[in-house]
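Chemist: Have a look at the structure that comes next, please.
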Amino acid sequence: MIQKPKGTYDVFGEKGKTILYIEELLKALMKQYNYEYFRTPLFEVSELFHRGVGSTTDIVTKETYDFKDRGNRDMTLRPEGTAGITRSFVENKIYGNASQPVKTWYYGPMYRYERPQSGRFREFYQFGVEVFGSDSASIDAEVISIAVNIYRLLGLKGIKVNINSLGDTESRDNYRKALKEYFRPHLNTLCEDCKQRFDKNPLRILDCKIDSNKEIMKQAPTTIDYLNEYSKKHFEDLQKYLKSLNIEFIVNPKIVRGLDYYTHTVFEVEASIKDFGSQNVLCGGGRYNGLIEQIGGPSINGVGFALGLERLLAALESENINLIKDDNLDIYIIPMSENELEKVFSLANHLRLNGFSTDIDYMNRNLKSNFKQADRLKSKFIAIIGEEEIKNNKITIKNNNTKEEYKIDIDKIIDFLDQNCN
RNA sequence: GCGAGUAUGGUGAAGUGGUUAACACGGCGGAUUGUGGUUCCGUUAUGCAAGGGUUCGAUCCCCUUUACUCGCCCCA
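Under the working numbering, the letters of the first sequence match residues 38 to 459, in that order.
Here it is in structure tokens:
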């Protein structure tokens with residue numbers, strides 16, 4: 038039997054309905070925030086994702102799906118959304134001909150060659166927003182509020198917003214140096230992984246699960262200690278704006294995010310679900326002043342976040358939130374025998390084109406089984422067409438709630454359903 | 001890349017070194033051949049992941065492989 042590739046999943050049934058619901062909610066919300074839809078290719082030239090991004094470069098190269106196309110060009114399936122949008126922003130010179138800031142959103146599959154585990158797949162879906170061209174902390178707050186409101190609208194409780202500021206490039210560099218100086222004499226007391234991180238990505242030591250309770254971690258300098266005047270003001274503004282939106286947040290100096298293009302604001306939204314482990318982080322993002330330049334564009338700022346669909350679904354499930362409200366069928370039509378199937382078939386087509394969700398028996402079932410089937414489909418109405426109905430051009434139609442049964446002219450069925458369906 | 005666990009029909013699963021591998025759900029048919037959701041009956045193409053080994057005999061014990069699940073790493 039051919040199986041799906043490792044780390045992928047099929048969507049159907051209840052899960053499909055839930056996903057469609059979420060997607061529609063996201064779309065509507067983005068309209069309300071006046072964000073513009075962006076779609077970029079699933080694959081890009083490898084250089085876009087493998088460009089020099091400092092100490093984490095080797096990780097970026099390791100976990101992508103890379104391939105050569107038939108023209109021997111190096112291509113990579115996108116592992117995240119920001120790079121593609123930024124590339125498009127630069128390539129289309131959107132900074133030149135649109136009103137600023139440019140507020141965008143995207144949604145689609147991403148690919149990372151990782152070992153799958155709970156809530157982690159090789160093909161996974163992300164929704165995200167990116168805003169270009171404003172340095173105002175109000176935009177940072179807006180972006181965070183979008184994330185929070187998505188979770189609120191879906192009914193998730195116990196959402197925790199962690200924010201931090203890395204400061205501008207100068208602040209960040211100073212901090213990184215100070216952190217290394219701080220840990221250097223204590224390297225031996227840290228776990229093996231942290232010794233690696235010390236060279237590769239020292240900020241990540243703060244995240245370590247093993248060493249987190251050690252005294253040395255509690256005493257470690259924080260990014261906030263190293264903010265310069267401008268950075269400090271920016272961070273204070275952010276907090277002011279978040280308060281004005283009634284968003285509760287925690288200033289958590291351990292939030293540093295993985296990549297080193299982040300500046301100023303970084304944040305993560307966390308679910309507080311027991312036994313959820315590392316899946317508890319539902320989304321994350323921040324400000325990336327400098328990324329656009331890195332990709333070859335002008336000196337323009339950006340801020341954004343991305344959320345993973347799979348973790349969102351897992352969180353909804355663990356909080357027992359059911360988003361599927363009404364997926365009832367309007368009408369199920371039963372032909373008494375194959376002789377009436379043609380009439381039933383064309384009638385169903387007519388009803389569907391008039392906006393009624395309609396289904397019929399394709400299996401030549403007997404009457405009893407057809408009623409069972411109508412029940413399974415939760416049909417509001419059940420209609421029967423047999424010899425007698427054809428002769429009189431009538432249809433027998435039964436309201437499945439009241440159990441009342443009517444015989445009406447086939448030509449009048451639309452009117453009937455209009456009056457009785459809602 | 002490292003580590004742990006699991007593998008039985010359409011589904012959820014029980015089980016044993018020895019002739020027909022429980023039980024439940026679902027599906028289909030039937031119990032007054034144009035009215036169901038309850039009940040009852042029947043039925044559901046030899047199905048124990050694959051390969052090898054131990055044994056008189058393996059779904060069960062051992063090895064290998066594969067797949068899945070869960071950790072670690074990483075998480076853009």
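Don't be surprised by glycine CBs; every beta carbon is placed ideally from N, CA and C.
Please work out which residues of its chain come closer than 6 Å, Cβ to Cβ, to residue 9, disregarding the five sequence neighbours upstream and downstream, and give them in chain order.
Modeler: A question about residue 9 goes unanswered here, because the residues of the chain that appear run from 38 up to 459.
Chemist: Could you work out which residue in 52, 71 and 106 is closest to residue 82 when comparing CA atoms only?
Modeler: Closest option to residue 82, Cα to Cα, is 106.
Chemist: Please identify the residue among 346, 433, 360 and 182 whose C-alpha is closest to the C-alpha of residue 199.
Modeler: When each option's Cα is compared against that of residue 199, the closest is 182.
Chemist: Check each candidate in 73, 102 and 397 and name the one with the smallest Cα separation from residue 87.
Modeler: Out of 73, 102 and 397, 102 has the C-alpha closest to the C-alpha of residue 87.
Chemist: Just checking, does the segment 211-219 make contact with the segment 251-262 on the three C-beta pairs under 8 Å criterion?
Modeler: With a cut-off of 8 Å, the segment 251-262 and the segment 211-219 count as touching, because enough Cβ pairs lie within range.
Chemist: Whole angstroms are fine: how far does the CA of residue 365 sit from the CA of residue 239?
Modeler: Going by the C-alpha atoms only, they are around 54 Å apart.
Chemist: At which residues does the beta strand (DSSP E) containing residue 420 begin and terminate?
Modeler: Taken as a continuous stretch (DSSP letters only), the beta strand (DSSP E) holding residue 420 covers 418-422.
Chemist: Given residue 267, which residues of its chain have a CB within under 7 Å of its CB, disregarding the five upstream and five downstream residues?
Modeler: Cβ within range, chain order: 205.
Chemist: Along the beta strand (DSSP E) that carries residue 306, what are the first and last residues, could you check?
Modeler: Residue 306 -> beta strand (DSSP E) spans 300-308.
Chemist: Out of 368, 167, 55 and 178, which has the shortest C-alpha to C-alpha gap to residue 396?
Modeler: Looking at the Cα atoms, 368 is the closest of the given residues.
Chemist: Rounded to the nearest angstrom, how far is the Cβ of residue 326 from that of residue 171, given a contact under 8 Å?
Modeler: 11 Å between Cβ atoms; not a contact.
Chemist: Between which residues of its own chain and residue 462 is the CB-CB distance below 6 Å, once the five residues before and five after are set aside?
Modeler: Outside the displayed span of the chain (38 to 459) sits residue 462, for which this structure offers no information.
Chemist: Along the chain, where does the alpha helix (DSSP H) that runs through residue 219 open and close?
Modeler: Looking at the DSSP string, the run of the alpha helix (DSSP H) that includes residue 219 is 206-220.
Chemist: Comparing alpha-carbon positions, which option in 127, 301 and 108 lies nearest residue 331?
Modeler: Answer by Cα proximity: 127.
Chemist: Return the chain-ordered list of same chain residues with a C-beta closer than 7 Å to the C-beta of residue 45, the five sequence neighbours on each side being excluded.
Modeler: Same-chain partners within the cutoff: 158, 159 and 160.
Chemist: Give me the DSSP bridge partner(s) of residue 147.
Modeler: According to DSSP, residue 147 bridges with 161.
Chemist: Would you decide whether residue 38 is buried or exposed? Buried here means 16 or more other CB atoms lie within 10 Å of its CB.
Modeler: Exposed.
Chemist: Going by beta-carbon coordinates alone, are residue 292 and residue 306 separated by less than 7 Å?
Modeler: No.
Chemist: Any chance the segment 344-364 sits against the segment 111-127, with 3 or more Cβ pairs inside 8 Å?
Modeler: With the cut-off at 8 Å, the segment 344-364 and the segment 111-127 do not touch.
Chemist: Quick one: what's got a C-beta closer than 6 Å to residue 188's C-beta in the same chain, skipping five residues either side?
Modeler: Same-chain partners within the cutoff: 196.
Chemist: To the nearest angstrom, report how far apart residue 440 and residue 419 are at their CA atoms.
Modeler: Each residue's Cα considered, the two are about 10 Å apart.
Chemist: Rounded to whole angstroms, what is the Cα-Cα separation between residue 168 and residue 274?
Modeler: Taking the straight line joining both Cα atoms gives about 18 Å.
Chemist: Roughly how many angstroms lie between the CA atoms of residue 296 and residue 254, to the nearest whole one?
Modeler: Spanning the two alpha carbons is a distance of roughly 21 Å.
Chemist: Exposed or buried, what is residue 272 when buried is set at 16 or more other beta-carbons lying within 10 Å of its beta-carbon?
Modeler: Classification of residue 272: buried, given that the 10 Å Cβ count is 16 or more.
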